[in-house]
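Under UniProt numbering, the letters of the sequence shown match residues 1 to 88, in that order.
What follows is one structure encoded as structure tokens, with my remarks underneath.
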Amino acid sequence: MFDDAYRSELSCIFMNDLEQLMGYSPIGPRYQSIVLDAMYSLLSSSPPKGRKLLVICTSKRREVLEELGLLPMFTAVLRVPYIREVED
């Protein structure tokens, strides 16, 4: 996914529900370490020269990202409230 994004000068990657991508379970806690290692590597590396990449991720549990050391990988964290009704 990241290699494909680097083919363009400007790219955006959207990763929804990081906990699910890692197979995270609060019992233990457990997660797929190979996926977590890949996330560390991909999120901490800079794109090739002349390329720009925006990575947007979602998570329902900020504390999980803190616990796993992923939160510092992001330059901004925005809290978005749940949509409860159509008017929201």
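C-beta atoms are modelled at their ideal positions from N, C-alpha and C, and glycine is treated no differently.
- By the CB criterion at 8 Å, Lys60 and Glu19 fall inside the cutoff.
- A buried status is given to Tyr24, since no fewer than 16 other beta-carbon atoms sit within 10 Å of its beta-carbon.
- With contacts defined by Cβ atoms closer than 8 Å, Met1 and Ile13 form a contacting pair.
- By the neighbour-count criterion, in which a residue is buried when 16 or more other Cβ atoms sit within 10 angstroms of its Cβ, Leu78 is exposed.
- Excluding its 5 nearest sequence neighbours in each direction, Leu65 has C-beta neighbours in its own chain below 6 Å: Ser59, Leu71, listed in chain order.
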